[in-house]
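>
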Amino acid sequence: MSFGESDDQRLVFPAAGRNVLPIADVLKLHLPKSGRVLELASGSGEHAVAFQQRFPELVWQASDPDPQHCRSIDAWRAHYALTTMMPAALPIDVRDRPWFSHDRAEFVFDAFVCINLLHISPVLCTDQLFEGAAEVATNDAVLMIYGPFMRHGAHTSVSNAAFDASLRQRNSAWGLREMEWVSSRALAAGWSLTAVETMPSNNFTLVFGLDDNI
24 MSFGESDDQR
34 LVFPAAGRNV
44 LPIADVLKLH
54 LPKSGRVLEL
64 ASGSGEHAVA
74 FQQRFPELVW
84 QASDPDPQHC
94 RSIDAWRAHY
104 ALTTMMPAAL
114 PIDVRDRPWF
124 SHDRAEFVFD
134 AFVCINLLHI
144 SPVLCTDQLF
154 EGAAEVATND
164 AVLMIYGPFM
174 RHGAHTSVSN
184 AAFDASLRQR
194 NSAWGLREME
204 WVSSRALAAG
214 WSLTAVETMP
224 SNNFTLVFGL
234 DDNI
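Taking the numbering used here, I'd label the letters of the sequence shown as residues 24 to 237.
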């Protein structure tokens, strides 16, 4: 992954600039009108601040396990003067549950967003994502996952097949996940797939809702 860094600790991930608008357009279709959103693995924070500005009626809580990424998120918050609207980044690692040690209202969420995580993490992260979100979700919460996926046991493009091979060469625990497998892991944690949105560059956004509200 190529990225730059500004003098004030703001990281710049080129991919974030390319996909932020189509992701935001899909989020608009499925996010609640108001409430709290937890973004897992927020990376540089470029998506998070863009979404907070796009959806000012929501409270966008960014998080990431990497301290450098958390500093970048907070630097982007300051850059766009969002520090009163948007809370500081939280150092959440999806694999380490419970994500929160306190049972407080600010740690209950109406929506969850996860962008480009599942294919660069071990399969354990998929289970922990769904299970962890269910623990801090409101009854009608929605969970959205963006990224490249296999579908019906096959890659959706030649470029995705090559990308998958390169990921597995770098780390045997990485790789594109089958959409149907992800859906089955969601179901085991109480989430059901409600929509599949086709995105640019052979990506998808998977939308899940809690079983009791589908």
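Backbone N, C-alpha and C fix where the C-beta goes; we use that ideal spot for every residue, glycine too.
No experiment lies behind these values; they were computed from the predicted model shown.
Taking the C-alpha atoms as reference points, what is the distance between Phe-26 and Leu-233?
With a pLDDT of 46 at Phe-26, under the threshold of 50, the predicted position of this residue should be treated as unreliable, and no value is reported.
> In three-state terms, what does DSSP make of Asn-183?
Three-state result, Asn-183: helix.
> Could you tell me the alpha carbon to alpha carbon distance between Phe-176 and Glu-154, rounded to whole angstroms?
As written in the sequence, residue 176 is Gly, which differs from the Phe given in the question. Spanning the two alpha carbons is a distance of roughly 24 Å.
> Do you know offhand how far Glu-28's Cα is from Asp-235's?
Low confidence applies to Glu-28: its pLDDT is 48, below 50, so where it sits in the model is not reliable, and the reading given next is rough at best. The straight-line gap from Cα to Cα measures roughly 44 Å.
> Who are the near neighbours of Pro-223 in its chain, counting only those whose CB is closer than 6 Å to its CB and skipping five residues on each side?
Excluding positions up to five away in sequence, the list reads Pro-45.
> Does the distance from the C-beta atom of Met-202 to that of Phe-227 stay below 9 Å?
yes
> Quick check on Gln-91: buried or exposed, where buried means 16 or more other Cβ atoms within 10 Å of its Cβ?
exposed
> Is it buried or exposed, Asn-183, if we count other Cβ atoms within 10 angstroms and call 16 or more buried?
buried
> From Pro-37 to Ser-65, what distance separates their C-alpha atoms?
14 Å
> Measure the alpha-carbon distance for Gly-170 versus Arg-33 and round it to whole angstroms.
23 Å
> In chain order, what residues of the same chain have a beta carbon less than 6 Å from the beta carbon of Arg-174, not counting five sequence neighbours either side?
Met-202
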